[in-house]
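Worksheet for the structure shown next.
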Amino acid sequence: MIIDGLNKKEEERVSKKLKTPRIKYRKIRGARDESSPLIRLADSLAGFFRDCKEKQPYTKDLYRLMVKRGFVKEIYK
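Pasting the structure below:
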(Lines of atoms letter the chains of each structure in order from A and count residues from 1; the text may use other names and numbers.)
(Lines give C-alpha, C1' and ligand atoms only; values in the text may rest on other atoms or scores of the structure.)
Protein backbone atom coordinates (compact mmCIF):
# COMPACT_ATOMS: atom_id res chain seq x y z
CA MET A 1 0.00 0.00 0.00
CA ILE A 2 1.49 3.32 -1.03
CA ILE A 3 0.23 6.47 0.64
CA ASP A 4 1.09 9.88 -0.78
CA GLY A 5 3.30 12.03 1.45
CA LEU A 6 3.67 9.54 4.32
CA ASN A 7 6.91 9.73 6.34
CA LYS A 8 8.52 6.82 8.26
CA LYS A 9 6.92 7.70 11.60
CA GLU A 10 3.48 7.94 10.00
CA GLU A 11 4.08 4.59 8.21
CA GLU A 12 4.40 2.89 11.61
CA ARG A 13 1.30 4.63 12.97
CA VAL A 14 -0.81 3.70 9.92
CA SER A 15 0.45 0.09 10.07
CA LYS A 16 -0.73 -0.23 13.66
CA LYS A 17 -4.13 1.32 12.87
CA LEU A 18 -4.71 -1.03 9.93
CA LYS A 19 -3.97 -4.10 12.04
CA THR A 20 -6.91 -3.27 14.31
CA PRO A 21 -9.67 -3.90 11.70
CA ARG A 22 -7.59 -6.76 10.24
CA ILE A 23 -6.97 -5.15 6.87
CA LYS A 24 -4.48 -7.30 4.97
CA TYR A 25 -1.46 -5.67 3.36
CA ARG A 26 2.13 -6.62 2.66
CA LYS A 27 3.85 -3.32 3.27
CA ILE A 28 2.97 0.31 3.82
CA ARG A 29 5.17 2.86 2.18
CA GLY A 30 5.02 6.60 1.82
CA ALA A 31 5.76 8.25 -1.51
CA ARG A 32 5.76 11.78 -2.79
CA ASP A 33 3.80 12.37 -5.95
CA GLU A 34 6.85 14.06 -7.51
CA SER A 35 8.80 10.80 -7.28
CA SER A 36 6.54 8.51 -9.27
CA PRO A 37 4.39 8.90 -12.38
CA LEU A 38 2.04 6.21 -11.04
CA ILE A 39 1.49 8.14 -7.79
CA ARG A 40 0.85 11.33 -9.80
CA LEU A 41 -1.73 9.50 -11.93
CA ALA A 42 -3.48 8.02 -8.89
CA ASP A 43 -3.49 11.42 -7.17
CA SER A 44 -4.95 13.09 -10.26
CA LEU A 45 -7.67 10.47 -10.64
CA ALA A 46 -8.57 10.70 -6.96
CA GLY A 47 -8.94 14.46 -7.33
CA PHE A 48 -11.03 14.06 -10.47
CA PHE A 49 -13.42 11.60 -8.81
CA ARG A 50 -13.70 13.84 -5.76
CA ASP A 51 -14.69 16.66 -8.12
CA CYS A 52 -17.23 14.32 -9.78
CA LYS A 53 -18.78 13.60 -6.42
CA GLU A 54 -18.95 17.33 -5.71
CA LYS A 55 -20.62 17.78 -9.14
CA GLN A 56 -18.00 20.14 -10.56
CA PRO A 57 -19.23 21.16 -14.05
CA TYR A 58 -15.98 20.35 -15.88
CA THR A 59 -16.20 16.66 -14.91
CA LYS A 60 -19.57 15.81 -16.46
CA ASP A 61 -18.57 15.22 -20.10
CA LEU A 62 -15.17 13.71 -19.33
CA TYR A 63 -16.66 11.30 -16.80
CA ARG A 64 -19.31 10.16 -19.31
CA LEU A 65 -16.60 9.60 -21.92
CA MET A 66 -14.49 7.57 -19.47
CA VAL A 67 -17.49 5.35 -18.68
CA LYS A 68 -18.46 4.98 -22.35
CA ARG A 69 -14.94 3.89 -23.33
CA GLY A 70 -14.71 1.46 -20.43
CA PHE A 71 -11.93 3.24 -18.53
CA VAL A 72 -14.07 3.33 -15.38
CA LYS A 73 -17.29 1.76 -14.20
CA GLU A 74 -20.16 4.10 -13.53
CA ILE A 75 -20.16 5.08 -9.88
CA TYR A 76 -21.92 8.47 -9.98
CA LYS A 77 -25.24 9.07 -11.70
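Be aware that the sequence shown starts at 1, since it is given in UniProt numbering, and climbs by one per residue. The beta-carbon is built from N, C-alpha and C at its ideal position, and this holds for glycine as well.
Rounded straight-line distance, which links the Cα of residue j to that of residue i
i	j	result
Ser15	Val72	29 Å
Lys55	Gly70	21 Å
Pro57	Asp43	20 Å
Pro37	Gly30	14 Å
Glu12	Gly47	26 Å
Thr20	Cys52	32 Å
CB-CB length for residue i against residue j, believed under 8 Å
i	j	result
Ile28	Asp4	Ile28 to Asp4, Cβ: 12 Å. No contact.
Enclosing alpha helix (DSSP H) for residue i [first to last residue]
i	result
residue 99	Beyond the ends of the chain as shown, which are 1 and 77, falls residue 99; an answer cannot be given.
residue 79	The shown model of the chain, from 1 to 77, leaves out residue 79, and the question about it has no answer.
Element boundaries [beta strand (DSSP E), containing residue i]
i	result
Arg64	Here Arg64 belongs to no beta strand (DSSP E); instead the alpha helix (DSSP H) covers Thr59 to Lys68.
Ile75	Taken as a continuous stretch (DSSP letters only), Ile75 belongs to no beta strand (DSSP E), as it is neither H nor E.
Ile2	Ile2 to Asp4
Arg29	Arg29 to Ala31
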